[in-house]
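If you're matching positions, the sequence shown starts at 1 in full-length UniProt numbering and goes up one per residue. Working notes, beginning with the structure itself.
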Amino acid sequence: MDVVPELVHEMTDEMINLRKSIDPAARAEYVREQVMAVEGFTKPYLRKAYVFIMRDPIEKEIFIGGDSEIRKDILESLRPKIENV
1 MDVVPELVHE
11 MTDEMINLRK
21 SIDPAARAEY
31 VREQVMAVEG
41 FTKPYLRKAY
51 VFIMRDPIEK
61 EIFIGGDSEI
71 RKDILESLRP
81 KIENV
């Protein structure tokens, strides 16, 4: 019977992840969390980068699907657009 609570917990996690991929507000929050988690940039820089990433749906998907190096490359490519941060 110990398997049931674990199975319910796993199903709950999967439902939360599904919601993040479907619900636009939840997806935006997820993208923000992922952007803000990248190390090597200031928080103000990451906040501005998040805005630019959200404006470009293709870049947003590449960012989410990319590994840490791709994510850093995308954030670094935004440097000319983000002034004095």
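Ideal Cβ placement from N, Cα and C applies to all residues, glycine included.
Distance between residue 59 and residue 53, taken at the CA atoms: about 6 Å. In the structure shown, residue 37 adopts coil according to DSSP, grouped into three states. In this structure, the beta-carbon distance from residue 35 to residue 49 falls below 8 Å.
Cβ contact annotation for residue 75 (same chain, cutoff 7 Å, sequence separation greater than five): 38, 41, 49, in chain order. Between residue 55 and residue 63, the beta carbon gap of about 12 Å keeps them out of contact (Cβ cut-off 8 Å).
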